[in-house]
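Enquirer:
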Amino acid sequence: MKCVIKNGFVIDPAQNIKAKKDILIVDGKIQKMSSEKLSTKNCDQVIDAKDRIVCPGLIDMHTHLREPGFEHKETIATGSKAAAAGGFTSIACMANTDPVNDNAYITQFIKLKAEQEAVVNVYPIGALSKGLQGENLSEIGSLKEAGCIAISDDGNPVMNSYLMRKALDYCRHFNLPIISHCEDTHLVGRGVMNEGLHSTALGLRGNPTTSEEIMVARDIALSELTKSHVHFAHISTEAAVRLIRDAKKRKVRVSCEVTPHHLFLTDDQVSTYDTNFKMAPPLRGKEEQNALKKALKEGVIDTFATDHAPHSVLEKQIEFENAAYGVIGLETALPLTLKLVDEKVLSLEKLIEKWTVNPARILGLKKGTLKKGWDADITIFDPKKSIQIHRDKLFSKSKNTPFHGWKLKGQVIYTLVGGKIVFQQS
Amino acid sequence: MGFKSKHILSIQDLSRNDISEILKLAKKFKTSQNFGKNLLNGKTVVTLFFEPSTRTRSSFEMAAKRLGASSINLSGSGSSMVKGETLLDTAQNIEAMNPDILIIRHFSSGAPYVFSKMLKTPIINAGDGFHEHPSQALLDLMTIEEAKGKTTGLKVLIVGDIAHSRVARSNILLLKKMGARPFVCGPPTLIPPDLKKWDIDISYDLQSAIQDKDVVMMLRIQEERQMQNQFSTKREYVKYYGLTHETLKYAKKDMVIMHPGPLNRGTEISPEIADSPHSLILSQVVNGVAVRMALLYLLGLGGKVEVRH
Numbered sequence: 000m001k002c003v004i005k006n007g008f009v010i011d012p013a014q015n016i017k018a019k020k021d022i023l024i025v026d027g028k029i030q031k032m033s034s035e036k037l038s039t040k041n042c043d044q045v046i047d048a049k050d051r052i053v054c055p056g057l058i059d060m061h062t063h064l065r066e067p068g069f070e071h072k073e074t075i076a077t078g079s080k081a082a083a084a085g086g087f088t089s090i091a092c093m094a095n096t097d098p099v100n101d102n103a104y105i106t107q108f109i110k111l112k113a114e115q116e117a118v119v120n121v122y123p124i125g126a127l128s129k130g131l132q133g134e135n136l137s138e139i140g141s142l143k144e145a146g147c148i149a150i151s152d153d154g155n156p157v158m159n160s161y162l163m164r165k166a167l168d169y170c171r172h173f174n175l176p177i178i179s180h181c182e183d184t185h186l187v188g189r190g191v192m193n194e195g196l197h198s199t200a201l202g203l204r205g206n207p208t209t210s211e212e213i214m215v216a217r218d219i220a221l222s223e224l225t226k227s228h229v230h231f232a233h234i235s236t237e238a239a240v241r242l243i244r245d246a247k248k249r250k251v252r253v254s255c256e257v258t259p260h261h262l263f264l265t266d267d268q269v270s271t272y273d274t275n276f277k278m279a280p281p282l283r284g285k286e287e288q289n290a291l292k293k294a295l296k297e298g299v300i301d302t303f304a305t306d307h308a309p310h311s312v313l314e315k316q317i318e319f320e321n322a323a324y325g326v327i328g329l330e331t332a333l334p335l336t337l338k339l340v341d342e343k344v345l346s347l348e349k350l351i352e353k354w355t356v357n358p359a360r361i362l363g364l365k366k367g368t369l370k371k372g373w374d375a376d377i378t379i380f381d382p383k384k385s386i387q388i389h390r391d392k393l394f395s396k397s398k399n400t401p402f403h404g405w406k407l408k409g410q411v412i413y414t415l416v417g418g419k420i421v422f423q424q425s
Numbered sequence: 000m001g002f003k004s005k006h007i008l009s010i011q012d013l014s015r016n017d018i019s020e021i022l023k024l025a026k027k028f029k030t031s032q033n034f035g036k037n038l039l040n041g042k043t044v045v046t047l048f049f050e051p052s053t054r055t056r057s058s059f060e061m062a063a064k065r066l067g068a069s070s071i072n073l074s075g076s077g078s079s080m081v082k083g084e085t086l087l088d089t090a091q092n093i094e095a096m097n098p099d100i101l102i103i104r105h106f107s108s109g110a111p112y113v114f115s116k117m118l119k120t121p122i123i124n125a126g127d128g129f130h131e132h133p134s135q136a137l138l139d140l141m142t143i144e145e146a147k148g149k150t151t152g153l154k155v156l157i158v159g160d161i162a163h164s165r166v167a168r169s170n171i172l173l174l175k176k177m178g179a180r181p182f183v184c185g186p187p188t189l190i191p192p193d194l195k196k197w198d199i200d201i202s203y204d205l206q207s208a209i210q211d212k213d214v215v216m217m218l219r220i221q222e223e224r225q226m227q228n229q230f231s232t233k234r235e236y237v238k239y240y241g242l243t244h245e246t247l248k249y250a251k252k253d254m255v256i257m258h259p260g261p262l263n264r265g266t267e268i269s270p271e272i273a274d275s276p277h278s279l280i281l282s283q284v285v286n287g288v289a290v291r292m293a294l295l296y297l298l299g300l301g302g303k304v305e306v307r308h
């Protein structure tokens, strides 16, 4: 099986490549990249990528695929289709399924399902505690053997500092990062949106930025104590950025991600109680948002992640305070983050780095670059193409996007996983 | 005249003109027994209450009946999450009954907004969570105007659990809109965050805050808040924020006292003060019906019929 991608502009940050090149793929692996035109003779497939960006397949290290247990929201099959349409070739799925992915059997189920039905690579993340209850360690070693690439109770902050410390110590042996959802749940109380003027005006209970700050500070201290890797999920505050910046300076083993929705939405947009603007952590104010963008620019924030969280109308078309937390994001992530190039926050190269090689490094995946012999996971997109987001045109089973109707630039044209086209723009 | 806004979900839906019109009409309804008798003949008003309420519900019902409309009461209970029925289901069921006006009270802030997005029927928010209670604020304003002869420049102190009060929010917005000056007083734990950005003076000390005020509105304090450590004990709350004869010594002689009800006698207000000549609490109830008649009338006829007054 031979395939050539010709005339594309290749950006591969890990190899410092930023040039017009042709790529030859043989049997699903990168065989050759060349500035000379490659012969398309005897090729099974030729993709013309003229005026397109060709880059390593995007990696989303934070999705919720909802299977097993919540198949009315999303399945491994539908979630992976949404991923492919969004330009993602690898996704890591969180453990808060039903049953929880806190044992090897569930991990094996997810892997098996993914092998049979998913069009992109699916990497399970194992639960830190049994049942996500925050009390007892799950079988982290077995989870790793079964295929988990990180450990997290995401959705449920680990409030017990002793447990978190033990988990970090334990994970050091298995060389797995712990992904921390940072919110002090006592301080959050029944808060459902960012605490401030807008929560006051809407009569909704607030969740202060401090709830994130406290937990980020704690986990930095625990990472320092244990010398284990903590990755901070979906950071949303200036305080988190400040703490992580300082920790990195002191060579503490921490990394962090930011979501497109925290970069492009603010708490004032909750104004009509639209539950598609409800997520955890909540949308914050403009100042927090600017701090996140600044941190991206400085490199304090390592990666993007969607926190793709599908919910059906059953969980969303209800009272704001009772509605489920989370929004979908796989199919809007790339065009949204491309805005950062226009806003001069990031170069296109840096942007791709944060969607590819950086998450690969954090998760220890042999992905994220187009090196010879590596899997041909490739995303081809047109960064200039104008599009409009329409919730009914998304592949995800759920439609809970706050970006419905948004006009953006950037369209995925092809997504290749292991050299095979898994998505093609029609 | 007619409202620009189809629903009355927030004081922010009303212009100054709308408000003056509502109060003018309400006064007319109050003073003339026969005026308005059959104005809403053949119309149906549905009250949909997800939270127990005696006075607001009966006030709306009374208002509907005086205008000749029939009213139907529906009670919702429990959150839709628990019942497995989405608000959409509830909304569609009600729409199918084809009411002319829907009055909604809900324990969750913003719930009437969810309905307004799904329904064609005009909606009046009769109190949603901690968000707003516009008809209460309007009847309060009417009561203040009656007592003081004006609104502009008046200093109005709202005392108590501001954080969890829809009455406080609607009153603050309305008083500001009509040129009065709202002030709030309560323990710091019960003052909502960033309220200062609304340009409101906040005090934690009732004795000093009450000194130069024309009106004081006492809010009901709920025992539940004590469980949440929003204040320490009822005893200490009464000591600092209860309206007593002792506190009144610091107030202006002609200061009037209001309370949206239901009263917790002996908690936020001492029994004899609630019944004192300075208390406007019963006038509030009387004006409630008149104001609600005006709202029903204006929404029910879609502003199409001109009333001579």
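Those protein sequences? They're chains U and V, same order as listed. Here the first sequence is numbered in numbering that gives the first Met the number 0, starting from 0 and rising by one per residue. Here the second sequence is numbered in numbering that gives the first Met the number 0, starting from 0 and rising by one per residue. Cβ atoms here follow ideal geometry from the backbone N, Cα and C, with glycine treated the same way. A quick note: this is a predicted structure, and the numbers were derived from the prediction, not measured.
Do you know how far the Cα of Leu-203 (chain U) is from the Cα of Met-60 (chain U)?
Expert: By one-based count along the first sequence, residue 60 (chain U) stands at place 61. By one-based count along the first sequence, residue 203 (chain U) stands at place 204. Distance between the alpha carbons of Met-60 (chain U) and Leu-203 (chain U) is about 31 Å.
Enquirer: Taking the beta carbon of Leu-281 (chain V) as the centre, do at least 16 other beta carbons fall within 10 Å, making it buried, or is it exposed?
Expert: In the second sequence, counting from the first residue as 1, residue 281 (chain V) sits at position 282. Answer is exposed; the Cβ neighbour count stays below 16.
Enquirer: Val-240 (chain U): which of U:Lys-226, U:Thr-302, U:Glu-212 and U:Leu-221 sits nearest, CA to CA?
Expert: Here residue 240 (chain U) corresponds to residue number 241 of the first sequence, with the count starting at 1. Comparing Cα-Cα distances from Val-240 (chain U) to each of U:Lys-226, U:Thr-302, U:Glu-212 and U:Leu-221, the minimum goes to U:Glu-212.
Enquirer: Given 8 Å as the limit, is there contact between the segment 321-331 of chain U and the segment 376-387 of chain U, that is, 3 or more CB pairs closer than that?
Expert: Touching, no.
Enquirer: Just verifying my parser: in three-state terms, what is the DSSP assignment at Pro-181 (chain V)?
Expert: Locating residue 181 (chain V) in the second sequence gives position 182, where the first residue counts as 1. DSSP places Pro-181 (chain V) in strand when its eight states are reduced to three.
Enquirer: Residues of chain V with a CB under 9 Å from the CB of Ser-504 (chain U): which are they?
Expert: Residue 504 (chain U) is absent from the structure shown; chain U starts at 0 and stops at 425.
Enquirer: Give the residues of chain V in contact with Gly-195 (chain U), contact being defined as C-beta atoms less than 9 Å apart.
Expert: Sequence index remark: in the first sequence, residue 195 (chain U) carries index 196 (1-based). By Cβ distance, chain V contributes Pro-192, Asp-193 and Lys-196.
Enquirer: According to DSSP, is Asp-127 (chain V) part of a helix, a strand, or is it coil?
Expert: As a working mapping, residue 127 (chain V) is identified with position 128 in the second sequence. Strand.
Enquirer: Just the C-alpha distance for Cys-92 (chain U) and Pro-123 (chain U), rounded to the nearest angstrom, thanks.
Expert: Along the first sequence, read from residue 1 onward, the residue named residue 92 (chain U) stands at position 93. Along the first sequence, read from residue 1 onward, the residue named residue 123 (chain U) stands at position 124. Rounded to whole angstroms, Cys-92 (chain U) to Pro-123 (chain U) spans 5 Å at the Cα level.
Enquirer: What residues match up with Pro-55 (chain U) in a beta bridge as DSSP calls it?
Expert: In the first sequence, residue 55 (chain U) corresponds to position 56, counting from 1. U:Ile-377, per the DSSP bridge assignment.
Enquirer: Among residues of its own chain, excluding the 5 on either side of Val-290 (chain V), which ones have a beta-carbon nearer than 7 Å to its beta-carbon?
Expert: Taking the second sequence and counting its residues from 1, one reaches residue 290 (chain V) at position 291. Answer for Val-290 (chain V): Ile-21, Ala-25, Ser-134, Leu-137, Leu-138 and Met-141, listed in chain order.
Enquirer: Give, in chain order, every residue of the segment 309-320 of chain U whose Cβ lies closer than 9 Å to some Cβ of chain V.
Expert: Residues passing the 9 Å Cβ filter: Val-312, Leu-313, Glu-314, Lys-315, Gln-316, Ile-317, Glu-318, Phe-319 and Glu-320.
Enquirer: Do the CB positions of Asp-21 (chain U) and Ile-4 (chain U) come within less than 8 Å of each other?
Expert: Here residue 21 (chain U) is taken as the residue at index 22 of the first sequence, counted from 1. Here residue 4 (chain U) is taken as the residue at index 5 of the first sequence, counted from 1. Yes.
Enquirer: Would Ala-13 (chain U) and Gly-367 (chain U) qualify as a contact pair, given that the criterion is a beta-carbon distance under 8 Å?
Expert: Reading the first sequence from its first residue, position 14 is the one you call residue 13 (chain U). Reading the first sequence from its first residue, position 368 is the one you call residue 367 (chain U). Yes, they are a contact pair.
Enquirer: Give a yes or no on whether the minimum CB-CB distance between Leu-201 (chain U) and chain V is below 8 Å.
Expert: Stepping through the first sequence from its first residue, residue 201 (chain U) is reached at position 202. For Leu-201 (chain U), the answer is yes, since a Cβ of chain V falls inside 8 Å of its Cβ.
Enquirer: Less than 8 Å between the CB atoms is what I'm expecting for Arg-65 (chain V) and Gly-35 (chain V), so what's the real figure, rounded?
Expert: Residue 65 (chain V) sits at position 66 when you count from the first residue of the second sequence. Residue 35 (chain V) sits at position 36 when you count from the first residue of the second sequence. About 7 Å separates the two Cβ atoms, so the contact holds.
Enquirer: Between the segment 395-421 of chain U and chain V, which residues of the former have a C-beta closer than 7 Å to a C-beta of the latter?
Expert: Against chain V - using a Cβ distance shorter than 7 Å - the segment 395-421 of chain U contributes no residues.
Enquirer: Going by beta-carbon coordinates alone, are Val-411 (chain U) and Ala-48 (chain U) separated by less than 8 Å?
Expert: The residue you call residue 411 (chain U) lines up with position 412 of the first sequence. The residue you call residue 48 (chain U) lines up with position 49 of the first sequence. Result no, Cβ atoms of Val-411 (chain U) and Ala-48 (chain U) do not sit closer than 8 Å.
Enquirer: Is Pro-187 (chain V) helix, strand or coil by DSSP?
Expert: Within the second sequence, the letter at position 188 stands for residue 187 (chain V). Looking at Pro-187 (chain V) - three-state DSSP - the assignment turns out to be helix.
Enquirer: Is there contact between the segment 177-189 of chain U and the segment 148-164 of chain U, where contact requires at least three CB pairs shorter than 8 Å?
Expert: Touching, yes, given that three or more Cβ pairs across the two stretches are closer than 8 Å.
Enquirer: In chain order, which beta strand (DSSP E) runs of at least 3 residues are fully inside the segment 216-300 of chain U?
Expert: Here the runs fully enclosed are 229-231 and 253-257.
Enquirer: Determine, using beta carbons only, whether Tyr-324 (chain U) comes closer than 8 Å to chain V.
Expert: Within the first sequence, residue 324 (chain U) is the residue found at index 325, counting from 1. Not an interface residue.
Enquirer: What three-state label does DSSP hand Pro-123 (chain U) in the structure shown?
Expert: Position 124 of the first sequence, counting from 1, holds the residue named residue 123 (chain U). In the structure shown, Pro-123 (chain U) sits in a strand (DSSP, three-state: E or B).
Enquirer: Could you tell me whether any Cβ in chain U is nearer than 8 Å to the Cβ of Tyr-203 (chain V)?
Expert: Counted from its first residue, the second sequence places residue 203 (chain V) at position 204. No, no contact with chain U.
Enquirer: Can you tell which of U:Leu-111, U:Gln-387 and U:Leu-313 has the C-alpha that lies nearest to the C-alpha of Leu-86 (chain V)?
Expert: Here the question's residue 86 (chain V) lines up with position 87 in the second sequence. Among U:Leu-111, U:Gln-387 and U:Leu-313, the Cα nearest to that of Leu-86 (chain V) is on U:Leu-313.
Enquirer: With H, G and I counted as helix, E and B as strand and the rest as coil, what does DSSP make of Val-304 (chain V)?
Expert: Counting from 1 along the second sequence, the entry for residue 304 (chain V) is found at position 305. Unreliable placement is indicated for Val-304 (chain V), whose pLDDT of 43 sits below 50; the coordinate value is still reported in the next sentence. Val-304 (chain V) falls in the coil class under three-state DSSP.
Enquirer: Between the segment 219-236 of chain U and the segment 248-265 of chain U, can you find at least three pairs of beta-carbon atoms closer than 8 Å?
Expert: Contact between the segment 248-265 of chain U and the segment 219-236 of chain U is present, because at least three Cβ pairs lie under 8 Å.
Enquirer: Can you confirm whether the segment 240-247 of chain V touches the segment 256-274 of chain V when touching is taken to mean that 3 or more C-beta pairs between the two stretches lie within less than 8 Å?
Expert: In short, these stretches touch, since the Cβ pair count reaches three.
Enquirer: Exposed or buried, which one is Asp-266 (chain U) when buried takes at least 16 other CB atoms within 10 Å?
Expert: By 1-based counting over the first sequence, the position of residue 266 (chain U) is 267. With 16 or more Cβ atoms within 10 Å of its Cβ, Asp-266 (chain U) is classed as buried.
Enquirer: Contact criterion: CB-CB distance below 8 Å. Does Arg-224 (chain V) meet it with respect to chain U?
Expert: The count along the second sequence starts at 1 and reaches residue 224 (chain V) at position 225. So, not an interface residue.
Enquirer: Have a look at V:Ile-123, V:Asp-204 and V:Phe-114 and flag the residue whose alpha-carbon is nearest the alpha-carbon of Gln-316 (chain U).
Expert: One-based indexing of the first sequence puts residue 316 (chain U) at position 317. It is V:Phe-114.
Enquirer: Would you mind telling me which residues of chain U sit closer than 8 Å to Ser-107 (chain V), beta carbon to beta carbon, in chain order?
Expert: Looking up residue 107 (chain V) in the second sequence gives position 108. Residues of chain U passing the Cβ test: Glu-318, Phe-319, Glu-320 and Asn-321.
Enquirer: In the DSSP assignment, what residue or residues form a beta bridge with Ser-4 (chain V)?
Expert: Counted from its first residue, the second sequence places residue 4 (chain V) at position 5. Note: Ser-4 (chain V) sits in no beta bridge, so no partner.
Enquirer: With distance defined between alpha-carbon atoms, name the residue in U:Ala-290, U:Ser-79, U:Arg-217 and U:Lys-17 nearest to Lys-396 (chain U).
Expert: For this step, residue 396 (chain U) is matched to residue 397 along the first sequence. It is U:Ser-79 whose Cα lies nearest to the Cα of Lys-396 (chain U).
Enquirer: Should Gly-128 (chain V) and Ser-107 (chain V) be called a contact, given that it needs their Cβ atoms to be closer than 8 Å?
Expert: Sequence index remark: in the second sequence, residue 128 (chain V) carries index 129 (1-based). Sequence index remark: in the second sequence, residue 107 (chain V) carries index 108 (1-based). Against a cut-off of 8 Å, the Cβ pair of Ser-107 (chain V) and Gly-128 (chain V) comes out as a contact.
Enquirer: Taking the C-alpha atoms as reference points, what is the distance between Val-191 (chain U) and Phe-319 (chain U)?
Expert: Within the first sequence, the letter at position 192 stands for residue 191 (chain U). Within the first sequence, the letter at position 320 stands for residue 319 (chain U). Looking at the two C-alpha atoms, the distance is approximately 8 Å.
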